[in-house]
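> My structure is below; once you've seen it, I'll send some questions.
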Amino acid sequence: MPKVNLKEISDRVHARQKSFKARLFVCSSTGCIASGCKTVMEAVSSGLKGHDLDKEVEIVPTGCMGLCSHGPLIRVEVVNRPPVLYVEMNPMLARLMVAEHIEPALKRPDTFTSVPEFLLEHTLSLETPFFTDQVKVVLENSGRIVPESIDDYIADGGYQALEQVFTKMTPQEVIKEITESGLRGRGGGGFPTGRKWGLTAQIQGDEKFIICNGDEGDPGAYMDRSVLEGNPHAVIEGMMIAGYAIGATSGWFYVRAEYPLAVERLDKAIKAARRYNFVGKDIFGSGRDLDVDIRLGAGAFVCGEETALIASIEGKRGSPTPRPPYPSVKGLWGKPSNVNNVETLANIPTIIRRGGAWFASMGTATSKGTKVFALTGKVKHSGLIEVPMGISLKRIVESIGGGTSTGKAIKAVQTGGPSGGVIPRSELELPVCYDELKKLGSIMGSGGMIVMDENDDMVDIAKFYLGFTVDESCGKCAPCRIGGKQLLLLLEKIADGKGKPEDLDHLRELALAMKKASLCGLGQTAPNPVLSTLHFFADEYQAKIDLNVSAKKD
Amino acid sequence: MINAILNGIKIQVEPGTSILQAAHQAQVKIPTLCYHPDLPPTASCGICVVKVKNAPNMMRACTTPVGEGMEITTQDAEIVAVRRSILELILSAHPNECLTCLRNGECELQRLAEDFGISRSDLPKLVPSLPIDDSTKSIVLDPRKCVRCGRCTVVCQNVQNVWALCMKNRGLDAVVAPAGDIQLADSPCVRCGQCSAHCPVGAIYEYNQAEEVWKALLDKEKHCIVQIAPAVRVSIGETFGFAPGTNLTGKLYTALRRMGFQQVFDTNFGADVTIMEEGSELVERITKGGDSLPLITTCCPAWVDFMEKFDSDMISYFSSCKSPQAIVGALTKSYYAEKIGVSPDKIFMVSIMPCTAKKFEIVRAKDMFASGHQDIDVSLTTRELARMIRQAGLEFASLDEGEADSPLGRYTGAGTIFGETGGVMEAALRTAHKLVTGKETDNLEFAPIHTLEGVKELTVKIGDKDIKVCVAHGLRNVEEVVDRVRQAKKAGQEPPWHFIEVMACLGGCVGGGGQFWGVTDKVRLERAAGLTKEDRGAKLRRSHENPDVKKLYDEFIGKPLSEKAHTLFHTHYVERSLYRR
Amino acid sequence: MAIGSGDTIVTIKKAMAKAAGEPDVVAAVKKWKNKRGSLIMVLHEIQNSRGYVPRDVSLYLSQELDVPLSRIYEALTFYHYFKLEPPGKAVISVCTGTACYLKGSPALVEEFSKETGAKVGTSTEDKLFHLQCVRCVGCCGLAPVAIVNGKTYGRLTTSDIKKIVNEWREHFSTDDAK
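Sequences listed follow chains A, B and C, in order. For the first sequence, my numbering assigns the number -18 to the initial residue and increments by one for each residue that follows. For the second sequence, my numbering assigns the number 2 to the initial residue and increments by one for each residue that follows. For the third sequence, my numbering assigns the number 17 to the initial residue and increments by one for each residue that follows.
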């Protein structure tokens, strides 16, 4: 097979892109599809044809642009003019946009000065903090390229890192580079990635597996989905590099079945990569083989836990198994396996290309690089954001998020989903990084960040998260299976105004047993939302109990 | 060796030793519930948590190996508090119907609650409302009492490879059940009862028929007769303070007589008859050659059930000879009934077996009504008998040594060793030698087939012939043997063995599913040693030397494999399911 | 299959023969047999083509893939994606992710239940609607969200529910008329 020349492909794509006078980027992620981007795109396409502009203007269906609450989104890039972002589009507006913006800008460039006033109302300045405060590494290409197009990805520097790794680097050098970058697992655990790879690389075995954990399950989090939908090749490239580093014989993507679009795009991307021989045999003429395949989850949050994920691929119940043995020693089908989160892998190609030191220059002493968050809840600009580690929560919520959507004051921000906790308003100056969040009883988690306003009832929030983990408990170990439910019953009792003063102690007692004795992370962290709200909002719990006590006295 | 510190004491253990084992070696008992020394740990209950220095959470002692330099604390106020909380949680999801539970006094959860001094419960009850499944009439599944320890599914799936039980649903709804909305009787269950022998609580237990037997014993019209299987005598003592393996045959005879049985027979006699028939069958098949070999033993009803379900292509290699239990049953209601002139329908025949599948065997085919009546009315397990002895108010430990009754009570050492893996084989070889060569052999012991290795092979010289034999126990091991036979047949080759002994339970009947709880390899070996010891010390050690057996053939049956023998001692097999498990 | 009816040799043979003649089942087996980690994938194919995984098919898969039926049921009942009974024609999935919860999904669930008459996790008697709560579908920007047969409805309020239910009721009644 002839070796693919990345530069040739890249030049060809750039030349083609330059042949257009304007490019219209239409966000085609799950969120925007749900808000109707497909009919908008059709309207744009027919509008362009009507104005005889379809040869001069390219429509680029992209992955997530981030501003999910304001979809459908179209970013208009006319040559030599500043880009304009249209929000909350509909087919009629789209046709007007073509007629009043694209058409005059292209056909009468001398007289066209700016977007007409009535259309400006449907745009958002790309100079708003939502965009300017972000630093994009993982999401760099998402929203800029056609996710399915391997050539587009190559044109933006894609697969250079893979070529470099397979042709010029030893596995040890790759691991060294990743270790230097300070990258930590983005799935929530935060274990240093370089060290993790090093552990599996050391183990000898006839077979070894690299596994990508795409079983994103935190309610209110969809970072991995957007990365897979918006830039699947980055994940594949990261996976191949990781596989090379640990000496994998095959690779497995484990993706939630609830993400059909992500699966479809990933599948197409793998096939394209295989055609270019970036996946398969004798990659870049290195003599090294590595193929990858997709397996689907089936609706079990606990499968985000490594050992449960492995059991699930094997066709078993997703029940975690005790560690040791660790998957790095005895994992999938009993062979050494290395499980990495989607976002972790998506960081890899850039780290290789730009160097570990570059990545380490961003962030804090112990949390390097950037982190993608799904900023949702009662926030004005809700969507997918990427920020440097160490940025304050306040800046994320108030500047990037634009404050609450309700106009009410922020009460707290929840991070880490059902394994995390709440950060009250008074602590919002907190820099976002693994260790600081932990100090306040929450965790970084996979990237869910939920804004709550004054109206939100914290006992109810705790109940929501605990209800989630109770539903998702695999049922194997007693502390989680029964403890979670009893804890939930106790919370419900308090929420219903039937709590007694001693119930709070009982709550803490049960939470302790669950934390200390559950077999896996799901059970060990399930009480966190309760303990965290109990810590910061004890008055809300107390108020409900007092109400009950005083009601009885009357 | 690994050096570590346990509760401040320096310890040294082999690599791979779990904290639980290490603690045991250091005379420290860590409480457990889901852990069973006979099975790989499931790590489900969390009762055995301990602290390991620098570990963020407590670790399960059952699955955590001791690491170099590890500092382990097995007991402090916090650990006890956590264990207590877990126990309270488990009790909140348990019906706590101890007084009406078969496991009352023998329950591992009850014992823990006592150890921890649990005296009250503030937690709301989370007991699921699920029906009892007694469809097999051998074992009963009461999922309400289940603590989800996973022992039964591990035994059923991993040890026995039967896959009748599985863990369905998840979270609080997780439940042990057959696959789908079916009952156990409609599942691949072979009724081996290993699940019931390993259950820590009263969630899976033998189908209890003590009441039926008491009723018959009180019925003046009934002539109640009992037989006891070999393995029962070396396990029954465990509930009365004897060490496993203590042979209590004499006390058992006395106890049964005191309970009201008019005749006490011994299944060991039936075992001697089985050898006469099966030995003859073996000789016949060896002579015939061709596709008639191998001969596979059929004393084990769980194995018979298993074969009919999954290995029905092996039916032609099965010995048609019934089990010793069935033979004594058939003879009691024919030979014995004639002798004393009692109508067989007045006889109530009870068998005491180490086995739950025997409850099924007595009705498994028309052949089990060889006397014209159901040959055995009720089959009880060792555990049921133990309970009945208590109910009868007998001081078992101080009972006199009794004798079994004629004509179905006297047995040889060959009959005794039927209760252990390799025993049937050894007994058969002793008699086969005589049948083939016409001469007695002095070589009566074949040590290699008495070990607990899953598949044991041996070549024995009988006359000028090399007889290749195989002994397998534990159904997963059996499958391996059957597969090898199948492959040889497929390839048109000689089968790898002439004669194969199969027992569904590990260790053979001494490890049966109806035996006393808490079996481990150590216990299996101790029980087996009790049987071996009796054989080695017996005057008569060849089945064909049993004078009562000789008399039986002279007076009643004629020759082995005769027409009468076929009517009473032989059965047939049918393919019974296509279940792939 | 009802309790006690069992898998006798006859029912199993029948079931297997039936499943062996179903194109989707045969295709799924052909595609995945001899591949590693195939069980969940085959179950997905059956679930997608039929909306549930019938016992007949499970029995057949057990034989063809050489997987114990118990293991198939362990998986089927563990993963919420799989159903054992045929669901209603219109499957309403209300997202109960955090963002949707905060923005009122519990009330939507109640309203859907009221309008269709289906309790959560069950189908209506006429098998027209199936109501279920699902984990975050990743449309948090549109919260609260419900999906009916793949069509996403965002920024819902309780007053939208009646319209959606009627839309699907009509959809299937005209379907039937055809």
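Yeah, the Cβ is synthetic: ideal placement off N, Cα and C, and Gly gets one too. Predicted, not measured: the structure shown is a model, and the values here were computed from it.
1) I'd like to know if C45/A contacts chain C, where contact means its C-beta is closer than 7 Å to some C-beta of that chain.
2) Would you say S139/C lies against chain B (beta-carbon separation less than 7 Å)?
3) Compare the Cα-Cα distances from T247/B to each of I133/B, A566/B and G531/B and report the closest residue.
4) Does DSSP put N319/A in a helix, a strand or coil?
5) With the cut-off set at 7 Å, would you say L381/B and I353/B are in Cβ contact?
6) Consult DSSP for A18/C and reduce its assignment to one of helix, strand or coil.
7) Skipping 5 residues on each side, what residues in its chain have a beta carbon closer than 7 Å to that of E188/A?
8) Going by DSSP, what residue range makes up the beta strand (DSSP E) through D467/B?
9) Spatial neighbours of Y257/A within its chain, please: CB distance less than 6 Å, with the 5 preceding and 5 following residues excluded, ordered by chain position.
10) With a threshold of 7 Å between beta carbons, is F445/A in contact with chain C?
11) Could you give the distance in angstroms between the alpha-carbon of K177/A and the alpha-carbon of M46/A?
12) Examine chain B for any beta-carbon lying closer than 7 Å to the beta-carbon of R462/A, and answer yes or no.
13) Just the Cα atoms here: how many angstroms apart are A253/A and I191/A?
14) Please give the ranges of any beta strand (DSSP E) in the stretch 141 to 188 of chain C, keeping only runs that are unbroken, at least 3 residues long and fully inside the region.
15) Under 7 Å, Cβ to Cβ, is there at least one residue of chain C near N170/B?
16) What is the rounded straight-line gap between the Cα of V128/B and the Cα of L173/B?
17) Which residue marks the beginning of the beta strand (DSSP E) containing P355/B, and which one marks its end?
18) Count the other CB atoms within 10 Å of the CB of T533/B; is the residue buried (16 or more) or exposed (fewer)?
19) Answer with yes or no whether the minimum CB distance from R286/B to chain A is below 7 Å.
20) What are the start and end residues of the alpha helix (DSSP H) that includes T385/A?
21) Rounded to whole angstroms, what's the CA-CA distance from K30/B to I20/B? Just pull it up for me.
22) Going by the beta-carbon positions, is the gap between G168/A and T174/A smaller than 7 Å?
23) What's the C-alpha gap between A136/A and S513/A?
24) DSSP three-state call for P66/B: helix, strand or coil?
25) Grab me the residues of G397/A's own chain with a C-beta within less than 6 Å of its C-beta, minus the 5 sequence neighbours each way, in chain order.
26) By the 9 Å beta-carbon criterion, what residues does the stretch 92 to 108 of chain C contribute toward chain B?
27) Look at the Cβ atom of Q516/B, then the Cβ atom of P355/B, and state whether they are nearer than 7 Å.
28) Report the option in A82/B, T413/B, V524/B and G416/B whose CA atom is closest to the CA atom of L493/A.
29) Going along chain B, which residues have a C-beta under 8 Å from Q552/A?
30) Taking the alpha-carbon positions, what's the L569/B to P345/B distance?
31) CB-CB under 7 Å to Y446/A, same chain, minus the five flanking residues each way: which ones, in chain order?
32) What span of residues does the alpha helix (DSSP H) with P144/B cover, start to end?
33) Quick check on S189/C: buried or exposed, where buried means 16 or more other Cβ atoms within 10 Å of its Cβ?
34) Which of helix, strand or coil does DSSP assign to E379/A?
35) From the DSSP output, in three-state form, read off A115/C for me.
36) By how many angstroms is the C-alpha of D135/B removed from the C-alpha of I19/C?
In terms of the structure at hand:
1) When Cβ-Cβ separations below 7 Å define contact, C45/A makes no contact with chain C.
2) Not an interface residue.
3) Among I133/B, A566/B and G531/B, the Cα nearest to that of T247/B is on G531/B.
4) Residue state, collapsed to three classes: strand.
5) Taking 7 Å as the Cβ cut-off, L381/B and I353/B qualify as a contacting pair.
6) Unreliable positioning characterises A18/C in this predicted model, as indicated by a pLDDT of 33, which lies under 50. A coordinate reading is not provided.
7) These residues qualify, in order along the chain: T230 and K316.
8) Counting along the chain, the beta strand (DSSP E) containing D467/B begins and ends at K466 to H474.
9) Taken in chain order, the residues that qualify are V(-15).
10) The Cβ of F445/A sits closer than 7 Å to at least one Cβ of chain C.
11) Across the structure, K177/A and M46/A are spaced so that their CA atoms are roughly 31 Å apart.
12) Chain B places a beta carbon closer than 7 Å to that of R462/A, counting this residue as a contact.
13) Between A253/A and I191/A, the C-alpha separation is close to 20 Å.
14) Taking 3 residues as the shortest admissible run, the stretch 141 to 188 of chain C contains the following complete beta strand (DSSP E) segments, listed from N- to C-terminal end: 145 to 150, 162 to 164 and 167 to 169.
15) Yes, contact with chain C.
16) Answer to the nearest angstrom: the Cα atoms are 10 Å apart.
17) Run containing P355/B: none; DSSP gives neither H nor E here.
18) So T533/B counts as buried.
19) In terms of beta-carbon proximity, R286/B stays away from the interface with chain A, with every pair separated by 7 Å or more.
20) Segment: none, T385/A is in no alpha helix (DSSP H) and carries neither H nor E.
21) Each residue's CA atom was taken as its position, placing K30/B and I20/B some 11 Å apart.
22) Cβ atoms of G168/A and T174/A: not closer than 7 Å.
23) Rounded to the nearest angstrom, the gap between the Cα atoms of A136/A and S513/A is 46 Å.
24) Note: P66/B maps to strand in three-state DSSP.
25) Closer than 6 Å at the Cβ level, and outside the excluded window around G397/A, lie S423, I424 and G426.
26) Within the stretch 92 to 108 of chain C, the qualifying residues are L92, T93, F94, Y95, H96 and L100.
27) Cβ atoms of Q516/B and P355/B: closer than 7 Å.
28) Of the candidates A82/B, T413/B, V524/B and G416/B, the residue whose Cα lies closest to the Cα of L493/A is A82/B.
29) Since the first residue shown for chain A is -18 and the last is 535, residue 552/A is missing from the structure and cannot be characterised.
30) Cα to Cα, the separation comes out at about 14 Å.
31) Once the five neighbours on either side are set aside, the close Cβ partners of Y446/A are P399 and P510.
32) First-last for P144/B: undefined, no H or E at that position.
33) Exposed: under 16 other Cβ atoms inside 10 Å.
34) For E379/A, the three-state secondary structure derived from DSSP is helix.
35) A115/C: helix per DSSP, three-state reduction.
36) Since pLDDT at I19/C reaches only 33, below the 50 mark, its modelled position is unreliable, and no value is offered.
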